[in-house]
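Protein chains: 2
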Amino acid sequence: MTDFLCDLASYNVYSQACPARLVLDRLADKWSLLLMDRLSQGPVRFNQLRRDVEGISQKVLSQSLKKLERDGLIARRVFATVPVTVEYTLTELGATLSDTVASLAHWAERNIDAVLASQRQYDAHNA
Amino acid sequence: MTDFLCDLASYNVYSQACPARLVLDRLADKWSLLLMDRLSQGPVRFNQLRRDVEGISQKVLSQSLKKLERDGLIARRVFATVPVTVEYTLTELGATLSDTVASLAHWAERNIDAVLASQRQYDAHNA
DNA sequence: TTACTTAGTTACCTGAAGGAAACCACCGCC
DNA sequence: GGCGGTGGTTTCCTTCAGGTAACTAAGTAA
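Here the protein sequences line up with chains U and D, keeping their order. Position one of the first sequence corresponds to residue 1 (the working numbering), numbered consecutively onward. Position one of the second sequence corresponds to residue 1001 (the working numbering), numbered consecutively onward.
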């Protein structure tokens, strides 16, 4: 079994050692995709993100942003205003990912009804 | 702040109540994306999946497949062979998602080096 | 002087995800 | 009779992501 995804780099996402799994794992948390999607619309400040992405706590927002920044997907810029302003933007690298992220979120939006219907049917069948 | 993703359905992915978050959360576990990607290449049996997707345990594989089936993304077919054969395939709904999933995994593969480099730089800077 | 804003950090706690290992039934093979 | 393969379930345990709440610090406005 081979996979086109990893052949060129002689990696295999299905392999435990494949570093691409790190990327997948990073995005596979509760908030990263949502934050990436929000930032794809333009620069946003910390508290604005916190208000926009409902339900995220200050701590987790801070942690998530740090991880995304460490991965080079977003950039953090501090402005010496009063009070201090911190602006987050997608990097070029992050921007290359945003289309995919958007299409994922877009898919969720378009197909949520089908998914919910399937869940109801499944639950009814196994009741 | 509005989002093109949810406007038509009067949903908002950033809203806690948006059901699309359910989909995002479902995919945001350790194995779902990997399993979807593996199944996008064609039908696979249980133990074949287990062998291919390195590191997944029998229990978690079983659980993940059930959830994906419940969501209508994959189908389970039992063949009365000896020993019994169980084959998993993407549904039509699942197939519409596989392109996006593949592009996400593909992105990870192409850009893993940039991500790892960014991590090293970040860690060096904050040492 | 009190309160509010900015952007965080820290401590504590809990639930759920996931790993390990054993167990099940069925059957073929040798 | 014991081993291997099929496809699971169950139990137990641990880890960690994430939630809550309090705290910091600097400055502004009432």
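Virtual Cβ for every residue (Gly too), placed ideally from N, Cα, C. Computed from a predicted structure; not experimentally measured.
Query raised in the report: Cα separation between S15 (chain U) and V84 (chain U)?
Result: In the first sequence, residue 15 (chain U) corresponds to position 15, counting from 1. In the first sequence, residue 84 (chain U) corresponds to position 84, counting from 1. Taking the straight line joining both Cα atoms gives about 45 Å.
Query raised in the report: the region 1081 to 1112 of chain D: which residues have C-beta closer than 9 Å to a C-beta of chain U, in chain order?
Result: T1091, L1093, T1096, L1097, D1099, T1100, V1101, A1102, S1103, L1104, A1105, H1106, W1107, A1108, E1109, R1110, N1111, I1112
Requested in this report: Can you tell me the Cβ-Cβ gap for L1033 (chain D) and L24 (chain U), rounded? I've got them flagged as a contact below 8 Å.
Outcome: Within the second sequence, the letter at position 33 stands for residue 1033 (chain D). Within the first sequence, the letter at position 24 stands for residue 24 (chain U). Going by Cβ atoms, the distance from L1033 (chain D) to L24 (chain U) rounds to 6 Å, so yes, they are a contact pair.
Query raised in the report: If we cut at 7 Å on Cβ distances, does L1033 (chain D) have a partner in chain U?
Result: One-based indexing of the second sequence puts residue 1033 (chain D) at position 33. By this cut-off, L1033 (chain D) is an interface position.
Report task. Using beta-carbon positions only, say whether S1118 (chain D) and G72 (chain U) come within less than 7 Å of one another. Result -> Locating residue 1118 (chain D) in the second sequence gives position 118, where the first residue counts as 1. Locating residue 72 (chain U) in the first sequence gives position 72, where the first residue counts as 1. Yes. Within cutoff.
Query - Residues that K1132 (chain D) contacts on chain U, provided the C-beta gap is smaller than 8 Å - result: No answer is possible for residue 1132 (chain D): it lies beyond the span of chain D, which begins at 1001 and ends at 1127.
Requested in this report: Would you be able to state if there are at least three C-beta pairs under 8 Å between the region 61 to 70 of chain U and the region 17 to 31 of chain U?
Outcome: yes
Query raised in the report: How many Å lie between K1059 (chain D) and Q48 (chain U) at the Cα?
Result: Within the second sequence, residue 1059 (chain D) is the residue found at index 59, counting from 1. Within the first sequence, residue 48 (chain U) is the residue found at index 48, counting from 1. Cα-Cα distance, rounded: 41 Å.
Query raised in the report: With respect to the beta strand (DSSP E) encompassing T1091 (chain D), which residues constitute its N-terminal and C-terminal limits?
Result: By 1-based counting over the second sequence, the position of residue 1091 (chain D) is 91. Segment: none, T1091 (chain D) is in no beta strand (DSSP E) and carries neither H nor E.
Query - Supposed contact pair A1108 (chain D) and A20 (chain U) - C-beta distance, whole angstroms, cut 8 Å - result: Counting from one through the first sequence, the residue named residue 20 (chain U) turns up at place 20. Counting from one through the second sequence, the residue named residue 1108 (chain D) turns up at place 108. Right, their Cβ atoms sit about 4 Å apart.
Query raised in the report: Under the DSSP definition of a beta bridge, which residues are partnered with R76 (chain U)?
Result: For the purposes of this step, residue 76 (chain U) is identified with residue 76 of the first sequence, where counting begins at 1. Its beta-bridge partners are U:Y88.
Query raised in the report: Quick one: is P43 (chain U) near chain D, going by C-beta distance under 7 Å?
Result: The sequence position of residue 43 (chain U) within the first sequence is 43, counting from 1. Taking Cβ atoms only, chain D never reaches closer than 7 Å to P43 (chain U), which makes this a no.
**Report entry** Cutoff 7 Å: R1077 (chain D) Cβ touching any chain U Cβ
**Finding:** By 1-based counting over the second sequence, the position of residue 1077 (chain D) is 77. No, R1077 (chain D) does not count as interfacial toward chain U.
Query raised in the report: Which value, in whole angstroms, describes the spacing of the CA atoms of V53 (chain U) and C1018 (chain D)?
Result: Taking the first sequence and counting its residues from 1, the one referred to as residue 53 (chain U) is at position 53. Taking the second sequence and counting its residues from 1, the one referred to as residue 1018 (chain D) is at position 18. When rounded, the distance between both Cα atoms is 11 Å.
Query raised in the report: Who are V60 (chain U)'s beta bridge partners in DSSP?
Result: Counted from its first residue, the first sequence places residue 60 (chain U) at position 60. DSSP lists no partner for V60 (chain U).
**Report entry** Element boundaries [alpha helix (DSSP H), containing Q1041 (chain D)]
**Finding:** Taking the first residue of the second sequence as position 1, residue 1041 (chain D) is located at position 41. Neither: Q1041 (chain D) is in no alpha helix (DSSP H) and is coded neither H nor E.
Query raised in the report: Are the C-beta atoms of R120 (chain U) and some chain D residue less than 7 Å apart?
Result: The residue given as residue 120 (chain U) occupies position 120 in the first sequence. It does not: the Cβ of R120 (chain U) has no partner Cβ on chain D nearer than 7 Å.
Query - Euclidean distance between Cα positions of G55 (chain U) and T1081 (chain D) - result: Taking the first residue of the first sequence as position 1, residue 55 (chain U) is located at position 55. Taking the first residue of the second sequence as position 1, residue 1081 (chain D) is located at position 81. Between G55 (chain U) and T1081 (chain D), the C-alpha separation is close to 49 Å.
Report task. Could you pull out every residue in the same chain whose Cβ sits closer than 6 Å to the Cβ of F46 (chain U), ignoring the five residues on either side in sequence? Result -> Translated into positions along the first sequence, residue 46 (chain U) becomes position 46. The residues are V86.
Report task. Give me the Cα-Cα distance between D1123 (chain D) and M36 (chain U), rounded to the nearest whole angstrom. Result -> Residue 1123 (chain D) sits at position 123 when you count from the first residue of the second sequence. Residue 36 (chain U) sits at position 36 when you count from the first residue of the first sequence. Roughly 22 Å separates the two Cα atoms.
Query raised in the report: What is the rounded straight-line gap between the Cα of S1098 (chain D) and the Cα of T96 (chain U)?
Result: Residue 1098 (chain D) sits at position 98 when you count from the first residue of the second sequence. Residue 96 (chain U) sits at position 96 when you count from the first residue of the first sequence. The alpha-carbon atoms of S1098 (chain D) and T96 (chain U) are separated by roughly 19 Å.
Report task. Could you check what DSSP says for V130 (chain U) in three-state terms: helix, strand or coil? Result -> It is not possible to answer for residue 130 (chain U), since the shown part of chain U is limited to 1 through 127.
Report task. With DSSP as the reference, label D25 (chain U) as helix, strand or coil. Result -> Walking along the first sequence from the start, residue 25 (chain U) turns up at place 25. Of the three classes helix, strand and coil, the one that applies to D25 (chain U) here is helix, per DSSP.
Query raised in the report: What number of angstroms, rounded off, separates the C-alpha of Y1088 (chain D) from the C-alpha of I112 (chain U)?
Result: Against the second sequence, residue 1088 (chain D) aligns to sequence position 88. Against the first sequence, residue 112 (chain U) aligns to sequence position 112. If I take the Cα positions, the gap works out to 22 Å.
Query raised in the report: Would you report the Cα separation of L1116 (chain D) and S1057 (chain D), rounded to the nearest angstrom?
Result: Working through the second sequence from its first residue, we reach residue 1116 (chain D) at position 116. Working through the second sequence from its first residue, we reach residue 1057 (chain D) at position 57. Using only the alpha carbons, I get a separation of about 27 Å.
Query raised in the report: alpha helix (DSSP H) containing N47 (chain U): first to last residue?
Result: Position 47 of the first sequence holds residue 47 (chain U). Run containing N47 (chain U): 46 to 52, per the alpha helix (DSSP H) assignment.
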